[in-house]
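Worksheet: the structure to be examined is printed underneath.
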Amino acid sequence: SLLAFGLSFQEMEKKLLEEALEKASGNVSEASRLLKMTRNTLRYRMAKHHLQ
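Going from the sequence shown to the working numbering is simple: count from 1 and add 993.
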């Protein structure tokens, strides 16, 4: 399990968001498509993790 690697769910979520945003060159709409979530959900999670 991922928790066995010492990563919390919050840390994993933040890493996934960062990777998707990087792959999408910062384009939130594209990153949301990559993550298969709505743009609003992605914006909420970005704010939760203090990501721009």
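All C-beta atoms, glycine included, are put in the ideal place defined by N, C-alpha and C.
Keep in mind the model is a prediction, meaning the values are calculated, not measured.
| Item | Value |
| --- | --- |
| Proximity of residue 1038 and residue 1021 at Cβ, strictly below 8 Å | no |
| For residue 1027, the first and last residue of its enclosing alpha helix (DSSP H) | 1021-1028 |
| Neighbourhood of residue 1013 by C-beta distance below 7 Å, restricted to the same chain and skipping five residues each side | 1024, 1027 and 1028 |
| C-beta atoms of residue 1044 and residue 1015 nearer than 8 Å | no |
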